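The block underneath contains the structure these notes are about, expressed in structure tokens.
Number of protein chains: 2
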Amino acid sequence: MSLVRNNKEKANCTERILAFKDSIELLKGKWKLYILQMLSTSETMRFKDLQENVVGITPKVLSKELQELEQNLLITRTVNNTRPVTVSYALTKHAKETEPIINALIDFGVKHRMKIKEK
Amino acid sequence: MSLVRNNKEKANCTERILAFKDSIELLKGKWKLYILQMLSTSETMRFKDLQENVVGITPKVLSKELQELEQNLLITRTVNNTRPVTVSYALTKHAKETEPIINALIDFGVKHRMKIKEK
DNA sequence: GCTATCACTTACCTTTTGGAAAGTAACTAT
DNA sequence: ATAGTTACTTTCCAAAAGGTAAGTGATAGC
Numbered sequence: 001m002s003l004v005r006n007n008k009e010k011a012n013c014t015e016r017i018l019a020f021k022d023s024i025e026l027l028k029g030k031w032k033l034y035i036l037q038m039l040s041t042s043e044t045m046r047f048k049d050l051q052e053n054v055v056g057i058t059p060k061v062l063s064k065e066l067q068e069l070e071q072n073l074l075i076t077r078t079v080n081n082t083r084p085v086t087v088s089y090a091l092t093k094h095a096k097e098t099e100p101i102i103n104a105l106i107d108f109g110v111k112h113r114m115k116i117k118e119k
Numbered sequence: 001m002s003l004v005r006n007n008k009e010k011a012n013c014t015e016r017i018l019a020f021k022d023s024i025e026l027l028k029g030k031w032k033l034y035i036l037q038m039l040s041t042s043e044t045m046r047f048k049d050l051q052e053n054v055v056g057i058t059p060k061v062l063s064k065e066l067q068e069l070e071q072n073l074l075i076t077r078t079v080n081n082t083r084p085v086t087v088s089y090a091l092t093k094h095a096k097e098t099e100p101i102i103n104a105l106i107d108f109g110v111k112h113r114m115k116i117k118e119k
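See the structure below:
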């Protein structure tokens with residue numbers, strides 16, 4: 001009986017570690033979280049908007065990051081019927097669940113900046 | 001008056017973006033969050049404990065990551081008076097503030113794994 | 001015809017990350 | 001003397017990440 005419970009707890013623990021690693025994998029790199037945070041402030045943004053607002057990113061890298069985010073169901077890509085063509089990117093409902101991560105990162109960053117100012 | 005407020009809000013916004021980027025910089029890479037999470041479960045761990053429990057990490061990489069975490073005030077390194085020498089690593093009080101980040105990553109990972117199982 | 005805009009793509013290159021394998025230094029136990 | 005333990009370090013290398021600069025294709029306005 002306690003053995004079953006141990007197994008369940010072990011399985012649950014393993015699952016949590018896998019989930020943790022998946023999250024890190026999904027959001028890794030210099031830009032992905034920054035892009036998600038940017039999209040969370042604006043509902044939809046065009047490629048050019050992102051290029052201008054995600055300071056420092058180049059079109060090549062932006063394009064690659066957007067493709068990966070789309071593949072992982074975190075953003076949607078919509079071609080608009082405009083001339084010249086524009087393309088709108090938006091967070092999926094699912095991606096909105098990354099908000100706690102982003103907020104936690106900001107909170108920690110603020111604390112860290114205060115910490116290193118102490119010296 | 002509203003201008004001052006705008007400036008304050010802008011400054012605050014900039015500060016939050018800097019904080020966000022600092023956090024990402026501090027915790028980037030394949031291993032750092034994993035190491036922090038591991039240390040959060042055990043109070044202190046020796047180099048060898050970490051090598052065994054952070055599955056897949058090599059001594060070279062572990063050593064480098066620990067040095068960076070120490071430099072950033074996230075862990076402490078203590079040489080123990082044992083034979084052969086052992087070295088204990090522990091989270092700083094400050095690093096314990098990363099817990100919300102780790103929990104948020106686990107939560108999102110769990111949701112993501114459910115999402116992709118749907119298909 | 002020429003220029004401009006948008007959303008990319010391509011080629012090339014440098015830097016960073018991280019892994020494999022072996023070695024080292026200090027010390028203990030046999 | 002030799003083998004074992006701990007905590008690393010060193011060398012060498014491959015892959016990934018990311019930047020620069022230029023180009024492409026569709027279309028519109030002048």
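Quick mapping for you: the protein sequence lines, in order, are chains A and B. The first sequence finishes on residue 119 if you use the UniProt record's numbering, and the numbering steps up by one all the way, no holes. The second sequence finishes on residue 119 if you use the UniProt record's numbering, and the numbering steps up by one all the way, no holes. The C-beta atom is built at its ideal place from N, Cα and C for all residues, glycine as well. None of the values given here were measured: they were computed from a predicted structure.
Beta carbon of residue i nearer than 7 Å to that of residue j
i              : j              : result
A19 (chain A)  : I35 (chain B)  : no
N72 (chain A)  : L26 (chain A)  : yes
K28 (chain B)  : E65 (chain B)  : no
Q51 (chain A)  : L62 (chain A)  : yes
S23 (chain A)  : G56 (chain B)  : no
P100 (chain A) : A104 (chain B) : yes
Secondary structure of residue i, DSSP reduced to three states
i             : result
L26 (chain B) : helix
I57 (chain B) : coil
T92 (chain A) : coil
V85 (chain B) : coil
N12 (chain A) : helix
T98 (chain A) : helix
N6 (chain B)  : helix
N72 (chain B) : coil
Close beta carbons around residue i, own chain, < 7 Å, minus the five adjacent residues each side
i             : result
A95 (chain A) : L36, L74 and I75
T92 (chain A) : L73, L74, I75 and T76
E43 (chain A) : A90
P59 (chain A) : Q51
K30 (chain B) : none
Contacting residues, own chain, Cβ-Cβ under 6 Å from residue i (five flanking each side not counted)
i             : result
N6 (chain A)  : none
K48 (chain A) : none
T86 (chain A) : R46 and N80
T78 (chain B) : S88
P84 (chain A) : none
Cβ distance (whole Å) where residue i is taken to contact residue j below 8 Å
i              : j              : result
K111 (chain A) : E118 (chain B) : Contact flag wrong, Cβ pair sits at about 37 Å.
Neighbourhood of residue i by C-beta, 8 Å cutoff - its chain only, sequence neighbours within 5 removed
i              : result
I116 (chain A) : none
I102 (chain B) : L33, L36, Q37 and S40
N53 (chain A)  : M38 and M45
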